[in-house]
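Student: The structure that follows is given in the form of structure tokens.
Residue numbers (my numbering): 7 to 325.
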């Protein structure tokens, strides 16, 4: 069964037993955790054969796109969360979804990509230091998913701070691509963290009857941390906007300076162009046509006129 990633029966002491035969109905005692790869349809067929699991739950667990939420479905609760993508050669802001449907004694979870928070929990259970119940498992997963976001958001903030220091001394074209990348990361993270905060708050309300005070405190702490992350992302987004405005202003200043130079040159050469055009007409009566020195006299006049315009503009503080 390649679609079955893990089937663990928690022993209530922090350890677990690995099982290979999936249940044909939702367990009513103990604590069971089934973790599936939702990219394979065989897992969906197994869930479809369990009458007590509604079809809407199966559709949600195997949906292509998900949004963080918590909603009661059937005799259990459906929870969809997101975690940062810490897989090799991946963008952390491309968040990985974790879908769970749980009852007091059973939880089935699905994923499309590997999530390190789940792997850590499995390792802890195998070592005998993991969750002791379904509620404890959900609280631990929620807290772990949230904690892993801190390093990513702090890293984005540090890189933006370095970019701000660089821009304070010199603004370079290549800095723009770095800023755009950081801004996109901020937008992608905020897109999922705002609804995830609401989902975790709703989760703490819906399953509080299953949980101890300590487990509820873990979920409340996760909700508070995500609130802080969202506020931090708002601040980062505003900083990105201000830095983008700095780029725009810098480009506008460079363009204005170049246009100003061109305007000065145009003002100097306009009368000179008029004179050269006037004396360049090929009709009779033009002065100096029979004088061999007329050309050089005309050149001297143009130089003197151009120089006089330059001095006049300089004196008038045009530049």
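Yeah, the Cβ is synthetic: ideal placement off N, Cα and C, and Gly gets one too. Predicted model only: the values in this text are computed from it and were never measured.
Taking the C-alpha atoms as reference points, what is the distance between residue 272 and residue 256?
Tutor: Here residue 272 refers to the residue found at position 266 when the chain shown is read from its first residue. Here residue 256 refers to the residue found at position 250 when the chain shown is read from its first residue. Each residue's Cα considered, the two are about 24 Å apart.
Student: Following the continuous beta strand (DSSP E) through residue 24, name the residue where it begins and the one where it ends.
Tutor: Residue mapping note: residue 24 aligns to position 18 of the chain shown, counting from 1. That run of the beta strand (DSSP E) goes 22-24.
Student: Using the Cβ count rule (16 or more neighbours within 10 Å means buried), how would you classify residue 203?
Tutor: If you number the chain shown from 1, residue 203 lands on position 197. Buried: at least 16 other Cβ atoms inside 10 Å.
Student: Using a 10 Å radius around the Cβ and a threshold of 16 neighbouring Cβ atoms, would you call residue 24 buried or exposed?
Tutor: One-based indexing of the chain shown puts residue 24 at position 18. It counts as exposed.
Student: Are the beta-carbon atoms of residue 127 and residue 141 separated by less than 8 Å?
Tutor: By one-based count along the chain shown, residue 127 stands at place 121. By one-based count along the chain shown, residue 141 stands at place 135. For residue 127 and residue 141, no; Cβs fall outside 8 Å.
Student: What is the DSSP secondary structure of residue 96, reduced to helix, strand or coil?
Tutor: Stepping through the chain shown from its first residue, residue 96 is reached at position 90. If DSSP states are grouped into helix, strand and coil, residue 96 belongs with coil.
Student: What is the DSSP secondary structure of residue 112, reduced to helix, strand or coil?
Tutor: Locating residue 112 in the chain shown gives position 106, counting from the first residue. The answer is strand: DSSP assigns residue 112 an E or B state.
Student: Which residue's Cα is closest to the Cα of residue 33: 165, 60, 46, 114?
Tutor: Here residue 33 is taken as the residue at index 27 of the chain shown, counted from 1. Out of 165, 60, 46, 114, 114 has the C-alpha closest to the C-alpha of residue 33.
Student: Going by the beta-carbon positions, is the gap between residue 15 and residue 36 smaller than 8 Å?
Tutor: Start at 1 with the first residue of the chain shown, and residue 15 comes out as number 9. Start at 1 with the first residue of the chain shown, and residue 36 comes out as number 30. Closer than 8 Å, so yes.
Student: Check for me: the alpha helix (DSSP H) holding residue 90 runs from which residue to which?
Tutor: Residue mapping note: residue 90 aligns to position 84 of the chain shown, counting from 1. No alpha helix (DSSP H) contains residue 90, which DSSP labels as neither H nor E.
Student: Can at least three beta-carbon pairs, one atom from the segment 141-156 and one from the segment 222-239, be found at a separation below 8 Å?
Tutor: Cβ pair count under 8 Å is three or more, so yes.
Student: Do residue 135 and residue 106 have their beta-carbon atoms positioned less than 8 Å apart in this structure?
Tutor: Residue 106 sits at position 100 when you count from the first residue of the chain shown. Residue 135 sits at position 129 when you count from the first residue of the chain shown. No. Outside cutoff.
Student: So for residue 152, helix, strand or coil by DSSP?
Tutor: Indexing the chain shown from 1 puts residue 152 at position 146. Helix, per DSSP.
Student: To the nearest angstrom, how far is it from the Cα of residue 222 to the Cα of residue 144?
Tutor: Taking the first residue of the chain shown as 1, we reach residue 222 at position 216. Taking the first residue of the chain shown as 1, we reach residue 144 at position 138. Approximately 10 Å between the Cα atoms of the pair.
Student: Quick one, are the C-beta atoms of residue 120 and residue 44 less than 8 Å apart?
Tutor: Sequence index remark: in the chain shown, residue 120 carries index 114 (1-based). Sequence index remark: in the chain shown, residue 44 carries index 38 (1-based). Contact: no.
Student: When we look at the beta-carbon of residue 289 and count the other beta-carbons within 10 Å, is it buried (16 or more) or exposed?
Tutor: By one-based count along the chain shown, residue 289 stands at place 283. With fewer than 16 other Cβ atoms within 10 Å, it is exposed.
Student: Rounding to the nearest angstrom, what Cα-Cα distance links residue 103 and residue 259 in this structure?
Tutor: In the chain shown, residue 103 corresponds to position 97, counting from 1. In the chain shown, residue 259 corresponds to position 253, counting from 1. Their Cα atoms are separated by approximately 45 Å.
Student: Output the distance between the C-alpha atoms of residue 42 and residue 244, rounded to the nearest integer angstrom.
Tutor: As a first step, residue 42 must be located in the chain shown, where it is residue number 36. As a first step, residue 244 must be located in the chain shown, where it is residue number 238. If I take the Cα positions, the gap works out to 40 Å.
Student: Give me the Cβ distance between residue 194 and residue 100, rounded to the nearest whole Å; I'm assuming they're in contact under 8 Å.
Tutor: By one-based count along the chain shown, residue 194 stands at place 188. By one-based count along the chain shown, residue 100 stands at place 94. The pair is a contact, with the Cβ atoms about 7 Å apart (cut-off 8 Å).
Student: Could you tell me whether the Cβ atoms of residue 263 and residue 76 are closer together than 8 Å?
Tutor: Reading the chain shown from its first residue, position 257 is the one you call residue 263. Reading the chain shown from its first residue, position 70 is the one you call residue 76. The answer is no: Cβ separation not under 8 Å.
Student: Beta carbon of residue 8, beta carbon of residue 87: below 8 Å?
Tutor: Sequence index remark: in the chain shown, residue 8 carries index 2 (1-based). Sequence index remark: in the chain shown, residue 87 carries index 81 (1-based). In this structure, residue 87 does not lie closer than 8 Å to residue 8 by Cβ.
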